[in-house]
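Chains as they are written, first to last, in the working numbering: chain A, 42 to 149; chain B, 13 to 126.
Contents: one structure, followed by commentary.
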Amino acid sequence: GIQVEQSPPDLILQEGANSTLRCNFSDSVNNLQWFHQNPWGQLINLFYIPSGTKQNGRLSATTVATERYSLLYISSSQTTDSGVYFCAVGIGANNLFFGTGTRLTVIP
Amino acid sequence: NAGVMQNPRHLVRRRGQEARLRCSPMKGHSHVYWYRQLPEEGLKFMVYLQKENIIDESGMPKERFSAEFPKEGPSILRIQQVVRGDSAAYFCASSPGAGYQPQHFGDGTRLSIL
Chain A
42 GIQVEQSPPD
52 LILQEGANST
62 LRCNFSDSVN
72 NLQWFHQNPW
82 GQLINLFYIP
92 SGTKQNGRLS
102 ATTVATERYS
112 LLYISSSQTT
122 DSGVYFCAVG
132 IGANNLFFGT
142 GTRLTVIP
Chain B
13 NAGVMQNPRH
23 LVRRRGQEAR
33 LRCSPMKGHS
43 HVYWYRQLPE
53 EGLKFMVYLQ
63 KENIIDESGM
73 PKERFSAEFP
83 KEGPSILRIQ
93 QVVRGDSAAY
103 FCASSPGAGY
113 QPQHFGDGTR
123 LSIL
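What follows is the structure, given as structure tokens:
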């Protein structure tokens, strides 16, 4: 299967700080999604971004498919941003391969 | 438009019992995927189904686990004779299947084995 590596594994931020999360993957893909798993365990779909750049409020993401990585930017972090961020990749309609996640803790 | 619906949200079973997890995909979605998340880990693919067909079950344990997606009704993930190691969160996702589309996830079923 496709290998997905996320970094850093853990991140602690002061409220208001910015951060960048990275996702590297081992093969060419045409599906890439970023998720936020909140403290209640729900998976929130953040971005579907197989290539290019997207922005949604304080969050933005960039995928450089030819270099097999994606970045998730969080600006002006808030305590509600805490949780685990997962990157998942796939090919066509096939299953997704998930990374092991970045655990973000935002302290007030 | 309702999202992917999973039930129950929490399920408690004793060792040796059967667990049935249900998933109704988003309206218009004909592809269903099941994933398992063990504590403190990422999600791992189990099985990919279309109506009345299993497309890929390479992530399913060979014994005790089965899945179906009948012509009518929800997709069912069935675990027979559960053991403590089956305790996990089980997530279902759906997609339209045509072209390149994101998968949409339900809220998961938390299975606890006593």
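Beta carbons: idealized from backbone N, C-alpha and C, even for Gly.
With a Cβ-Cβ cutoff of 9 Å, do residue 79 (chain A) and residue 124 (chain A) count as a contact? Residue 79 (chain A) sits at position 38 when you count from the first residue of the first sequence. Residue 124 (chain A) sits at position 83 when you count from the first residue of the first sequence. Cβ atoms of residue 79 (chain A) and residue 124 (chain A): closer than 9 Å.
key: CA nearest to the CA of residue 130 (chain A), picked from A:111, A:122, A:145   = Residue numbering aside, residue 130 (chain A) sits at position 89 when the first sequence is read from its first letter. Of the listed residues, the one whose Cα sits closest to residue 130 (chain A) is A:111.
Closer than 8 Å between beta carbons: that is the criterion. Which residues of the stretch 63-83 of chain A meet it against chain B? 71, 72, 74, 76, 82, 83
*Inter-residue spacing [alpha-carbon to alpha-carbon] between residue 148 (chain A) and residue 117 (chain A)*: The sequence position of residue 148 (chain A) within the first sequence is 107, counting from 1. The sequence position of residue 117 (chain A) within the first sequence is 76, counting from 1. Cα to Cα, residue 148 (chain A) sits roughly 12 Å from residue 117 (chain A).
query: Based on Cα-Cα distance, which residue from A:49, A:93, A:106, A:128 lies nearest to residue 77 (chain A)?
result: As a first step, residue 77 (chain A) must be located in the first sequence, where it is residue number 36. The residue with the shortest Cα to Cα distance from residue 77 (chain A) is A:128.
Quick one, which of B:73, B:40, B:78, B:46 has its alpha-carbon nearest residue 97 (chain B)'s? As a position in the second sequence, residue 97 (chain B) is number 85, starting the count at 1. It is B:73 whose Cα lies nearest to the Cα of residue 97 (chain B).
Assign residue 68 (chain B) to one of three DSSP states: helix, strand, or coil.
-> Along the second sequence, one-based indexing puts residue 68 (chain B) at 56. In this structure, residue 68 (chain B) counts as strand in the three-state DSSP scheme.
- Would a check of beta-carbon distances place residue 103 (chain A) closer than 9 Å to chain B? Taking the first sequence and counting its residues from 1, the one referred to as residue 103 (chain A) is at position 62. By this cut-off, residue 103 (chain A) is not an interface position.
Is residue 106 (chain A) helix, strand or coil by DSSP? Within the first sequence, numbered from 1, the residue matching residue 106 (chain A) stands at position 65. Correct three-state label for residue 106 (chain A): helix.
Neighbour flag for residue 90 (chain B) against chain A, beta carbons, 9 Å:
The sequence position of residue 90 (chain B) within the second sequence is 78, counting from 1. It does not: the Cβ of residue 90 (chain B) has no partner Cβ on chain A nearer than 9 Å.
CB contact flag (residue 121 (chain A), residue 48 (chain A), <9 Å): Here residue 121 (chain A) refers to the residue found at position 80 of the first sequence. Here residue 48 (chain A) refers to the residue found at position 7 of the first sequence. It is not a contact, given that the beta carbons lie outside the stated cut-off.
Practice problem: Answer yes if the stretch 99-118 of chain B comes into contact with the stretch 19-38 of chain B, meaning at least three C-beta pairs across the two stretches below 8 Å, and no otherwise. | Solution: yes
DSSP state of residue 96 (chain B) mapped onto helix, strand, coil: Start at 1 with the first residue of the second sequence, and residue 96 (chain B) comes out as number 84. Helix at residue 96 (chain B).
Next on the checklist: Check for me: the beta strand (DSSP E) holding residue 68 (chain A) runs from which residue to which?
Outcome noted: Residue mapping note: residue 68 (chain A) aligns to position 27 of the first sequence, counting from 1. That residue, residue 68 (chain A), is in no beta strand (DSSP E); it is neither H nor E in DSSP.
#### Entry: Per-residue contacts from residue 134 (chain A) into chain B (C-beta, under 7 Å)
Numbered from 1 along the first sequence, position 93 holds the residue referred to as residue 134 (chain A). Under the 7 Å cutoff, chain B gives 43, 107, 109.
- Query: If you run the structure through DSSP and keep just helix, strand and coil, what is residue 61 (chain A)?
  - Reply: What you label residue 61 (chain A) is simply residue 20 of the first sequence in a count that begins at 1. Residue 61 (chain A) falls in the strand class under three-state DSSP.
Residue 56 (chain B) lies in the beta strand (DSSP E); which residues open and close that run? Residue numbering aside, residue 56 (chain B) sits at position 44 when the second sequence is read from its first letter. Unbroken beta strand (DSSP E) run through residue 56 (chain B): 55-62.
Quiz prompt | Nonlocal neighbours in the same chain, by C-beta distance under 6 Å from residue 30 (chain B), ignoring five residues either side | solution = Locating residue 30 (chain B) in the second sequence gives position 18, counting from the first residue. So the qualifying residues of the chain are 92.
Checklist line | Nearest neighbour of residue 102 (chain A), chosen from A:109, A:108, A:92 [CA to CA] | finding: Indexing the first sequence from 1 puts residue 102 (chain A) at position 61. Closest option to residue 102 (chain A), Cα to Cα, is A:92.
Quick check on residue 83 (chain B) - is its C-beta less than 9 Å from some C-beta in chain A?
Here the question's residue 83 (chain B) lines up with position 71 in the second sequence. It does not; no Cβ of chain A falls within 9 Å.
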